[in-house]
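Trainee:
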Amino acid sequence: MSVRDPNGRHAAAADQSDTAAGAGVADGDGPLAGCAALVTGASSGIGAATAVSLARQGAAVAVVARRTERLEELAAAIRDRGGSCSVLTADLGDAAQARRAIEDAVDCFARLDVLVNNAGFVAMGTIEGGDPADWKRMVDLNFNAVLHLSQAALPHLLRAAANGPRGVADLVNVSSVGGRVVRRNNGIYSATKHAVGAFSEALRQEVTGRGIRVGLIEPGLTVTEMATGPGSAASRGLPQNAWLHAEDIARAITFMVTQPPHAAINEIMVRPTAQEH
3 MSVRDPNGRH AAAADQSDTA AGAGVADGDG PLAGCAALVT GASSGIGAAT
53 AVSLARQGAA VAVVARRTER LEELAAAIRD RGGSCSVLTA DLGDAAQARR
103 AIEDAVDCFA RLDVLVNNAG FVAMGTIEGG DPADWKRMVD LNFNAVLHLS
153 QAALPHLLRA AANGPRGVAD LVNVSSVGGR VVRRNNGIYS ATKHAVGAFS
203 EALRQEVTGR GIRVGLIEPG LTVTEMATGP GSAASRGLPQ NAWLHAEDIA
253 RAITFMVTQP PHAAINEIMV RPTAQEH
C-alpha cells in the first residue's frame, strides 16, 4: 500500500516528528476541527466530494482508492484550500488491504473520528447469465470491505469518542436506493446493498451508548462514474440533468456527522425529485 503524508510527501521519507508519523491533527475552525476522517472510494464522485466537504468542516482527511493519480489531484485541491489530506492507495476488495488502510489512516493523524465507507462496484445483468467474477467483486467491495474496514476502525472510533473534541465518533456507510428497491438486472448489486443496511443497523445497536453513531446513506440516481459508466444503470427514463450530483450526497453525509453529540441521524435516503423508484 502506498501512503503519502498531509503535505504530499511519501510517508516513509517524512521526518518521524511530523504529522505523517502520528503527531496528530492541526487545530482549525469548523465543527470537525481536531478530527480525522477516512473516506473510501475517494478518487471520484461521492467519495471525492465528501472528502472536500469534510475538509471544509475542519477535518484532516485521508482518502483511499486504487487510482493514486486521482487521489493526488484531490489532495492537492484540498491542501490548496488550506486543508490537510493524506493519500492511501489500496484495493479495498482485498481484506488485508482494507484493514491496513485503517491503520495507515491512523498513522497519518494519530486518530480516527469519522469513517465513510463509500467504495463500491456495480455490474448489471441477469442472474441466469451473470458473470460470477462480477458477483465476487461486488460482494468483496460493496459488503466485505465494509465489514473489514468497520471492524478495524472500531477501536480507534471508540477511543475518539472517549477522548476526542466532540465526544462522539461517526461511521457512515454509503448504500443505495437499490438496497431498498430491487430492479431487474440489478439483483446482485441490490443484495450487497441490502446487506450493508442490515449490517449498519446491527452495528448501530451494538455500539449504542458507547459514543459511536452509525449512519446509512441511500442515494438515488447520482451522476458518478459508477452510475453512468459501462454496465451501469444509466438509463432509467430519467434524463441525467435531473439526477443528483455527488455534492448532494456529500452534503447529506456532512449533515449526518456534524450533528451535536446528543443527536444521531441514522439513515438518510436522497432521491432526485423526479425519480419514482
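For the sequence shown, our numbering assigns the number 3 to the initial residue and increments by one for each residue that follows. The beta carbon of each residue, even a glycine, is placed where N, CA and C say it ideally should be. Keep in mind that this is a model prediction, so the values were computed, not measured.
(1) Is Asn165 helix, strand or coil when you go by DSSP?
(2) Pick helix, strand or coil for Leu1, following the three-state DSSP scheme.
(3) For the alpha helix (DSSP H) holding Glu278, just list the boundary residues, first then last.
(4) Tell me which residues share the same chain as Val184 and place their Cβ nearer than 7 Å to its Cβ, disregarding the 5 neighbours each side in the sequence.
(5) Closer than 7 Å by C-beta to Gly43: which residues in its own chain qualify, once you throw out the five before and the five after it? Chain order, please.
(6) Return the CA-CA distance between Phe201 and Asn146, expressed in angstroms with no decimal places.
(7) Which term fits Asn165, buried or exposed, when burial requires 16 or more other beta carbons within 10 angstroms of its beta carbon?
(8) So, Asn144 versus Thr194, is the Cβ gap smaller than 7 Å?
(9) Curious, which full-length beta strand (DSSP E) runs of at least 3 residues does the stretch 82 to 157 contain?
(10) Between Gly222, Leu160, Val216, which lies nearest to His247 when the distance is taken from Cα to Cα?
(11) Tell me, to the nearest whole angstrom, how far the beta carbon of Ala92 is from that of Leu151; I am working on the premise that it is less than 8 Å.
(12) Per DSSP, what kind of secondary structure is Ala77 in: helix, strand or coil?
(13) Can you check whether the CB of Leu173 is closer than 7 Å to the CB of Val216?
(14) State whether the stretch 81 to 101 contacts the stretch 151 to 161, with contact taken as three or more CB pairs (one from each stretch) at a distance under 8 Å.
(15) Within this structure, are the beta carbons of Ala62 and Ala78 separated by less than 7 Å?
(16) Just grab the DSSP bridge partners of Asn315 for me.
(17) How would you label Thr275, buried or exposed, when you count the other beta carbons within 10 angstroms and need 16 or more for buried?
(18) CB-CB under 7 Å to Ala286, same chain, minus the five flanking residues each way: which ones, in chain order?
(19) Determine the direct distance from the alpha carbon of Ala53 to that of Gly180, and round the result to whole angstroms.
(20) Apart from the five residues just before and just after Asp136, which ones in its own chain have a Cβ nearer than 6 Å to its Cβ?
(21) How about Asn175 and Leu114: are their beta carbons less than 7 Å apart?
Mentor: In brief:
(1) Looking at Asn165 - three-state DSSP - the assignment turns out to be helix.
(2) For residue 1 there is no data in the structure shown, the boundaries of the chain being 3 and 279.
(3) Annotation for Glu278: no alpha helix (DSSP H) segment contains it, and DSSP assigns it neither H nor E.
(4) Once the five neighbours on either side are set aside, the close Cβ partners of Val184 are Ser192.
(5) The residues are Gly49, Ala67, Asn120, Ala121, Gly122.
(6) When rounded, the distance between both Cα atoms is 11 Å.
(7) Asn165 should be labelled exposed.
(8) Their beta carbons are under 7 Å apart, which means Asn144 touches Thr194 by this criterion.
(9) DSSP assignment within the stretch 82 to 157 yields the following whole beta strand (DSSP E) runs of 3 residues or more, N-terminal first: 87 to 91, 116 to 119.
(10) Distance check between His247 and each of Gly222, Leu160, Val216 places Gly222 closest, using alpha-carbon atoms only.
(11) With a Cβ gap of about 10 Å, Ala92 and Leu151 do not count as contacting.
(12) The answer is helix: DSSP assigns Ala77 an H, G or I state.
(13) Their beta carbons are under 7 Å apart, which means Val216 touches Leu173 by this criterion.
(14) The way I'd put it, the stretch 81 to 101 does touch the stretch 151 to 161; three or more beta-carbon pairs between them come closer than 8 Å.
(15) At a Cβ-Cβ threshold of 7 Å, Ala62 and Ala78 do not count as neighbours.
(16) Limits of the chain in this structure are 3 at one end and 279 at the other, which puts residue 315 out of reach.
(17) Its Cβ having fewer than 16 others within 10 Å, Thr275 is exposed.
(18) Absent from the structure is residue 286, since the part of the chain shown begins at 3 and ends at 279.
(19) Their backbone Cα atoms lie some 24 Å apart in a straight line.
(20) Answer for Asp136: Ala125, listed in chain order.
(21) It is not a contact, given that the beta carbons lie outside the stated cut-off.
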